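Asker: Each residue of the sequence shown is one higher than the one before, starting from 2 at the first, in the working numbering.
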Amino acid sequence: ITTFAQPKLSPLEQEGTNFFKEGNNTNAIASFEKALVQSPNSLYSINALTTLYHNVKEEQKAYDMADKGIKLSGNAANFVYAKARAATFLNNAKDALSIIENYSAKNKADYMLLFVKGNAYNQLNDKQQALSAYTQSITNNQEFFNSYFERAKVFADLQRYPQAIKDYEKCIELDKDYADVYNYLGVAYLLSGNVEAALTNYNICIALNPKQSYAITNRGGVYRDKLDFQKANNDFETSININPNDGNTYFEYACSLDKTKNYVKAAEMINKALALKPNRALFYIKKSSIYNGFDKYDDAMVAADKAVELEPKNPEGFLLKAVTYYNQEKFNDALITATNGIAIQPNNYYLLFSLRASIYRKLNNITAANADDAKAKELAAK
Numbered sequence: 002i003t004t005f006a007q008p009k010l011s012p013l014e015q016e017g018t019n020f021f022k023e024g025n026n027t028n029a030i031a032s033f034e035k036a037l038v039q040s041p042n043s044l045y046s047i048n049a050l051t052t053l054y055h056n057v058k059e060e061q062k063a064y065d066m067a068d069k070g071i072k073l074s075g076n077a078a079n080f081v082y083a084k085a086r087a088a089t090f091l092n093n094a095k096d097a098l099s100i101i102e103n104y105s106a107k108n109k110a111d112y113m114l115l116f117v118k119g120n121a122y123n124q125l126n127d128k129q130q131a132l133s134a135y136t137q138s139i140t141n142n143q144e145f146f147n148s149y150f151e152r153a154k155v156f157a158d159l160q161r162y163p164q165a166i167k168d169y170e171k172c173i174e175l176d177k178d179y180a181d182v183y184n185y186l187g188v189a190y191l192l193s194g195n196v197e198a199a200l201t202n203y204n205i206c207i208a209l210n211p212k213q214s215y216a217i218t219n220r221g222g223v224y225r226d227k228l229d230f231q232k233a234n235n236d237f238e239t240s241i242n243i244n245p246n247d248g249n250t251y252f253e254y255a256c257s258l259d260k261t262k263n264y265v266k267a268a269e270m271i272n273k274a275l276a277l278k279p280n281r282a283l284f285y286i287k288k289s290s291i292y293n294g295f296d297k298y299d300d301a302m303v304a305a306d307k308a309v310e311l312e313p314k315n316p317e318g319f320l321l322k323a324v325t326y327y328n329q330e331k332f333n334d335a336l337i338t339a340t341n342g343i344a345i346q347p348n349n350y351y352l353l354f355s356l357r358a359s360i361y362r363k364l365n366n367i368t369a370a371n372a373d374d375a376k377a378k379e380l381a382a383k
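#1: Reducing DSSP to helix, strand and coil, say where residue 178 ends up.
#2: Alpha carbon to alpha carbon, how far is residue 111 from residue 58?
#3: Hey, how far is the Cα of residue 175 from the Cα of residue 144?
#4: With a Cβ-Cβ cutoff of 9 Å, do residue 201 and residue 253 count as a contact?
#5: Below 8 Å on the Cβ atoms is my guess for residue 119 versus residue 151; work out the distance and round it to an integer in Å.
#6: Roughly how many angstroms lie between the CA atoms of residue 64 and residue 40, to the nearest whole one?
#7: What residue does the alpha helix (DSSP H) around residue 285 start on, and which one ends it?
#8: For a test of the three-state rule: what should DSSP assign to residue 9, helix, strand or coil?
#9: Report the CB separation of residue 308 from residue 323 in whole angstroms; it is logged as a contact under 8 Å.
#10: Go ahead and label residue 178 buried or exposed: buried means 16 or more other beta carbons lie within 10 angstroms of its beta carbon, across all protein chains shown.
#11: I'd like to check one pair, residue 267 with residue 291: are the Cβ atoms closer than 9 Å?
#12: Would you mind giving the Cβ-Cβ distance between residue 382 and residue 355, rounded to the nearest angstrom? I have them listed as a contact below 8 Å.
#13: Less than 6 Å between C-beta atoms, sequence neighbours within five positions excluded: which residues of the same chain meet that for residue 50?
#14: Buried or exposed, going by whether 16 or more other CB atoms sit within 10 Å of the CB of residue 296?
#15: Tell me the start and end of each unbroken beta strand (DSSP E) in the stretch 292-355 that is at least 3 residues and wholly inside, in chain order.
#16: Compute the Euclidean distance between the alpha carbons of residue 338 and residue 319, then round it to the nearest angstrom.
#17: Grab me the residues of residue 237's own chain with a C-beta within less than 7 Å of its C-beta, minus the 5 sequence neighbours each way, in chain order.
#18: Going along the chain, which residues of its own chain have a beta-carbon closer than 6 Å to the beta-carbon of residue 206, five neighbours each way excluded?
#19: Decide if residue 4 is buried, meaning its Cβ has at least 16 other Cβ atoms within 10 Å, or exposed.
#20: Tell me whether residue 228 is buried or exposed, calling it buried when 16 or more other Cβ atoms sit within 10 Å of its Cβ.
#21: Should residue 265 be labelled buried (16 or more other beta-carbon atoms within 10 Å of its own) or exposed?
#22: Is there a Cβ from chain B that is less than 9 Å from the Cβ of residue 44?
#23: To the nearest angstrom, report how far apart residue 146 and residue 172 are at their CA atoms.
#24: Measuring only the C-alpha atoms, how far is residue 286 from residue 345?
#25: For residue 17, which residues of its own chain have a beta-carbon under 7 Å away from its beta-carbon, when the five flanking residues on both sides are left out?
#26: Roughly how many angstroms lie between the CA atoms of residue 368 and residue 270, to the nearest whole one?
#27: Could you tell me the distance, in whole angstroms, from the CA atom of residue 153 to the CA atom of residue 316?
#28: Quick check: the Cα distance between residue 116 and residue 261, rounded to an integer number of angstroms?
#29: Starting from residue 218, trace the alpha helix (DSSP H) both ways and give me its first and last residue.
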């Protein structure tokens with residue numbers, strides 16, 4: 002707890018401080034709230050409570066307490082930081098930026114405030130401004146872990162993987178035992194095409210924190226893509242046991258089971274994924290694929306229709322819908338659906354041209370089939 006100069010702590014303030022040092026946030030809050038009743042203008046108690054409320058995720062209380070501290074202290078930097086931080090946790094990034102800009106008009110923002118500024122811009126999906134703020138924060142304090150970590154995530158979002166990797170490696174230099182960094186670094190390596198480096202970092206993360214379910218799921222995905230389905234499925238099951246509420250793990254497990262044609266269990270997993278994340282078009286696309294695998298065409302069509310409804314500009318939903326019609330030997334319906342999907346991305350999705358070629362052959366239109374085959378090969382070669 003940042004302290005303000007004062008002759009002596011009151012008994013309640015000392016009690017609260019002791020509880021804080023023990024990590025007992027609940028009792029610390031109770032003590033400082035009582036202390037504040039006795040001394041309503043105690044900056045020490047107010048400052049302590051802004052931190053404690055944040056620790057227990059009571060961000061509105063943290064915001065209000067920081068606001069009180071700003072008014073009593075004459076805009077002290079730590080209260081400005083606490084209020085802006087609380088605003089971002091309350092999903093009010095614009096308010097956070099306003100707080101920071103008002104302070105910065107007369108004062109130099111320190112690295113902590115610039116970090117919160119980066120978070121606010123990131124929340125608004127203004128990645129360039131977020132990068133700028135994180136970079137300024139790092140310039141002011143080149144050992145500040147959080148700004149490197151968040152800047153790395155933004156670089157990854159922008160597919161600037163070499164820069165992301167460099168920042169994650171700096172994080173490891175600053176704190177080699179923070180497991181989550183290795184998971185993020187693994188993802189960055191995977192997306193940049195370095196599968197073995199990804200696997201290495203997932204393993205380090207899991208060694209540091211065997212309960213890091215996201216890294217276990219990610220490692221399972223690597224094993225699946227390497228066709229080591231036993232290791233992959235073991236990882237997915239382990240991850241589910243640790244965190245049964247992560248829809249992505251059920252989805253990844255369903256993909257693995259689909260590849261080995263274990264359609265019944267794959268259907269069970271994809272339905273669990275959808276129960277947790279009911280508005281993911283990608284999940285419905287996978288569900289349609291799975292149900293096509295074991296001839297459940299009505300269910301496959303319902304899933305494909307839902308995918309198209311959720312993402313009408315995504316050709317994959319149309320692909321699965323057309324596949325379902327094709328499997329039902331409804332070739333005219335399949336042709337119409339495939340053509341509608343092609344219209345969305347006429348020069349970018351070879352699978353629909355390949356499927357439509359097969360449909361044309363079923364309809365004895367060999368000229369059109371050959372043209373679509375040629376187009377599919379052209380697009381696949383890009």
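Note that CB positions come from ideal geometry on N, CA and C, so glycine has one too. Predicted model, so just to flag it, every value in this text is computed and none were measured.
Answerer: In this structure, then:
#1: As a first step, residue 178 is located in the sequence shown; it is residue number 177 there, counting from the start. Coil, per DSSP.
#2: Start at 1 with the first residue of the sequence shown, and residue 111 comes out as number 110. Start at 1 with the first residue of the sequence shown, and residue 58 comes out as number 57. Going from the Cα of residue 111 to the Cα of residue 58 covers about 24 Å.
#3: The sequence position of residue 175 within the sequence shown is 174, counting from 1. The sequence position of residue 144 within the sequence shown is 143, counting from 1. C-alpha separation (whole angstroms): 7 Å.
#4: For the purposes of this step, residue 201 is taken as the residue at position 200 of the sequence shown. For the purposes of this step, residue 253 is taken as the residue at position 252 of the sequence shown. Not a contact, by the Cβ cut-off of 9 Å.
#5: For this step, residue 119 is matched to residue 118 along the sequence shown. For this step, residue 151 is matched to residue 150 along the sequence shown. Between residue 151 and residue 119 the Cβ distance is about 6 Å, and since that is below 8 Å, they are a contact.
#6: Against the sequence shown, residue 64 aligns to sequence position 63. Against the sequence shown, residue 40 aligns to sequence position 39. If you take the alpha carbons of residue 64 and residue 40, they lie about 20 Å apart.
#7: The count along the sequence shown starts at 1 and reaches residue 285 at position 284. From DSSP, the alpha helix (DSSP H) with residue 285 extends over 282-294.
#8: Residue numbering aside, residue 9 sits at position 8 when the sequence shown is read from its first letter. In this structure, residue 9 counts as coil in the three-state DSSP scheme.
#9: Taking the sequence shown and counting its residues from 1, the one referred to as residue 308 is at position 307. Taking the sequence shown and counting its residues from 1, the one referred to as residue 323 is at position 322. Going by Cβ atoms, the distance from residue 308 to residue 323 rounds to 12 Å, so no, they are not a contact pair.
#10: Counting from one through the sequence shown, the residue named residue 178 turns up at place 177. That one is exposed.
#11: Taking the first residue of the sequence shown as 1, we reach residue 291 at position 290. Taking the first residue of the sequence shown as 1, we reach residue 267 at position 266. In this structure, residue 267 lies closer than 9 Å to residue 291 by Cβ.
#12: Taking the first residue of the sequence shown as position 1, residue 382 is located at position 381. Taking the first residue of the sequence shown as position 1, residue 355 is located at position 354. Rounded, the Cβ-Cβ distance is 13 Å, inconsistent with contact.
#13: The count along the sequence shown starts at 1 and reaches residue 50 at position 49. Excluding positions up to five away in sequence, the list reads 33 and 66.
#14: Counted from its first residue, the sequence shown places residue 296 at position 295. With fewer than 16 other Cβ atoms within 10 Å, it is exposed.
#15: none
#16: Taking the first residue of the sequence shown as position 1, residue 338 is located at position 337. Taking the first residue of the sequence shown as position 1, residue 319 is located at position 318. For residue 338 and residue 319, the distance between alpha carbons rounds to 6 Å.
#17: Taking the first residue of the sequence shown as 1, we reach residue 237 at position 236. Contacts found: 218, 221, 250, 253, 254 and 257.
#18: On the sequence shown, residue 206 is found 205 positions in, with the first residue counted as 1. These residues qualify, in order along the chain: 180, 183, 184, 213 and 216.
#19: Counting from 1 along the sequence shown, the entry for residue 4 is found at position 3. Since pLDDT at residue 4 reaches only 49, below the 50 mark, its modelled position is unreliable, and the value read off the structure follows with that caveat. So residue 4 ends up on the exposed side.
#20: What you label residue 228 is simply residue 227 of the sequence shown in a count that begins at 1. Per the 10 Å Cβ criterion, exposed.
#21: Position 264 of the sequence shown holds residue 265. Result: exposed.
#22: Included in the structure is just one protein chain, with no chain B present.
#23: Translated into positions along the sequence shown, residue 146 becomes position 145. Translated into positions along the sequence shown, residue 172 becomes position 171. Distance from the CA atom of residue 146 to the CA atom of residue 172, rounded to whole angstroms, is 6 Å.
#24: Mapped onto the sequence shown, residue 286 falls at position 285. Mapped onto the sequence shown, residue 345 falls at position 344. Between residue 286 and residue 345, the C-alpha separation is close to 17 Å.
#25: By 1-based counting over the sequence shown, the position of residue 17 is 16. Correct list, in chain order: 29, 32, 33, 36 and 49.
#26: Taking the sequence shown and counting its residues from 1, one reaches residue 368 at position 367. Taking the sequence shown and counting its residues from 1, one reaches residue 270 at position 269. Between residue 368 and residue 270, the C-alpha separation is close to 42 Å.
#27: To locate residue 153, count along the sequence shown from 1; it is residue 152. To locate residue 316, count along the sequence shown from 1; it is residue 315. Whole-angstrom Cα-Cα distance: 31 Å.
#28: Counted from its first residue, the sequence shown places residue 116 at position 115. Counted from its first residue, the sequence shown places residue 261 at position 260. Straight-line Cα distance between these residues: approximately 46 Å.
#29: As a first step, residue 218 is located in the sequence shown; it is residue number 217 there, counting from the start. Here the alpha helix (DSSP H) through residue 218 covers 214-226.
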